[in-house]
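Participant: Have a look at this one before I ask anything.
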Amino acid sequence: MSLPYAEVIGDPISHSKSPLIHKFWLDRLGIAADYRRAHVKAEGLAAYIESRRSDPDWRGCNVTIPHKIAVMDHVADPGGVRASIGAMNTIARGEDGALFGTNTDAGGFFAPIAGLDLEGRPVAVVGAGGAARAVLFALSKANVGPVTVLNRSPLKAMGLLATFGLEGSAKPLDAPLPEAALLVNASALGMTGQPPLDLDLSPLPEDAVVYDIVYSPLETGLLKAAAARGIETVDGLEMLIGQAAIAFSLFFGVAPPEGYEDELKALLTR
Ligand code: NAP
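Sequence positions in the sequence shown follow this note's numbering and run 590 to 859.
Structural data, given as structure tokens:
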């Protein structure tokens, strides 16, 4: 008998931590199912989706670079993701078995800061790429105050503020930070192999939170600098696990088990 399974697709794909996360939860819940990596190149995406569409054991997939935009042409979009975030990171089956796409990055990003009182307070976001779109979409639903987006190309940042109907301004990376209650790094800066993100954190208030969605390394230079100033920090694994949790429920029909966060984080940082 074949097992139900889900996958993560991308090119490259060997680095993906998604199988570790989903298999950990499947094991803890005692669910007989699998979660695999599938190396899918851009030219093979349509054929991949067609082959899985008719496979009754396939519950869906997570989608990573370079397919997050192209995949939108192959699946239904009941949540209007194309017109909002503009990228899908999860494909699953609806009750009728048809494939639909969604984006769990916005929910995964917001989950660890849902308890913060950000209403009307200034926020700063570094980056204007795909991940920043999910971050800004989430912030646009959270009644935050003015949003300053710092990016290598401020014009791109300005476009995103308009897309998500956010008040605020677009600045180059060397602009001084505002007095932000929340600072998010949603750029590639600080990631292994990329230049560091050097910001002067002194304008941030004492109760600010600094959130770096980069998870390799987990303790980025930005988070180290924030911690040295006594500022609360949130690391990129929180979002990685949060987006996976929403996808897991869509694939397997149950929420991930609770109470294993530390064990899972230890596994992911080994
Ligand atoms: P992306 O679409 O390629 O965007 C990259 C962003 O970084 C852009 O704003 C880009 O600026 C900026 N950037 C890249 N190289 C730069 C450089 N040398 N100097 C200055 N700016 C530079 O990538 P993404 O998908 O948004 O991913 C961004 C980061 O988020 C990655 O580290 C990724 O691993 C992480 N991420 C984490 C999670 C999670 O669950 N924790 C989820 C998604 C992504 P320009 O706009 O000027 O090109």
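Cβ coordinates follow ideal geometry from the N, Cα and C atoms, glycine included.
Here the structure is a predicted model, which means the values were calculated and not measured.
(1) Would the stretch 674–686 count as touching the stretch 805–823 if we require 3 or more Cβ pairs under 8 angstroms?
(2) So, at 8 angstroms on beta carbons, what are the nonlocal neighbours of A687 in its own chain, with the 5 sequence-adjacent residues on each side left out?
(3) In this structure, does DSSP put T752 in helix, strand or coil?
(4) Taking the C-alpha atoms as reference points, what is the distance between S603 and L609?
(5) What is the DSSP secondary structure of R642, counted as helix, strand or coil?
(6) Take A727 and list the residues in its own chain whose beta-carbon comes closer than 8 angstroms to its own, dropping the five residues that flank it on each side.
(7) Taking the alpha carbon of A836 as the reference point, which residue from G704, D662, H611, S605 has its own alpha carbon closest?
(8) Taking the beta carbon of A595 as the centre, do at least 16 other beta carbons fall within 10 Å, making it buried, or is it exposed?
(9) Over what stretch of residues does the beta strand (DSSP E) that includes I620 continue unbroken?
(10) Are at least three pairs of beta-carbons, each pair with one atom in the stretch 771–790 and one in the stretch 749–757, less than 8 angstroms apart?
(11) Can you tell me where the beta strand (DSSP E) with I595 in it begins and where it stops?
(12) Could you tell me the alpha carbon to alpha carbon distance between I638 and H663, rounded to whole angstroms?
(13) Less than 7 angstroms between the C-beta atoms of R626 and S643, yes or no?
(14) Using the C-alpha atoms, what's the distance from A731 back to A573?
(15) Classify D851 as helix, strand or coil using the three-state DSSP reduction.
Facilitator: On the basis of the data shown:
(1) Output reads no: the stretch 805–823 does not touch the stretch 674–686.
(2) Indexing the sequence shown from 1 puts residue 687 at position 98. Excluding sequence neighbours, A687 sits near A665.
(3) In the sequence shown, residue 752 corresponds to position 163, counting from 1. Reduced to three states, the DSSP call for T752 is helix.
(4) Counting from one through the sequence shown, the residue named residue 603 turns up at place 14. Counting from one through the sequence shown, the residue named residue 609 turns up at place 20. Computed Cα separation, rounded: 12 angstroms.
(5) Stepping through the sequence shown from its first residue, residue 642 is reached at position 53. Helix.
(6) Counting from 1 along the sequence shown, the entry for residue 727 is found at position 138. A695, G696, F698, F699.
(7) Against the sequence shown, residue 836 aligns to sequence position 247. Here the closest residue by C-alpha is H611.
(8) One-based indexing of the sequence shown puts residue 595 at position 6. Residue environment for A595: buried (at least 16 other C-beta atoms within 10 angstroms of its C-beta).
(9) Walking along the sequence shown from the start, residue 620 turns up at place 31. Unbroken run through I620: none, as it is neither H nor E.
(10) no
(11) Working through the sequence shown from its first residue, we reach residue 595 at position 6. What sits at residue 595 in the sequence shown is Ala, not Ile. Here the beta strand (DSSP E) through A595 covers 594–599.
(12) Within the sequence shown, numbered from 1, the residue matching residue 638 stands at position 49. Within the sequence shown, numbered from 1, the residue matching residue 663 stands at position 74. If you take the alpha carbons of I638 and H663, they lie about 7 angstroms apart.
(13) Residue numbering aside, residue 626 sits at position 37 when the sequence shown is read from its first letter. Residue numbering aside, residue 643 sits at position 54 when the sequence shown is read from its first letter. Contact flag unset, no.
(14) No statement about residue 573 is possible, as the shown extent of the chain runs from 590 to 859 and does not include it.
(15) Along the sequence shown, read from residue 1 onward, the residue named residue 851 stands at position 262. Three-state DSSP puts D851 in a helix.
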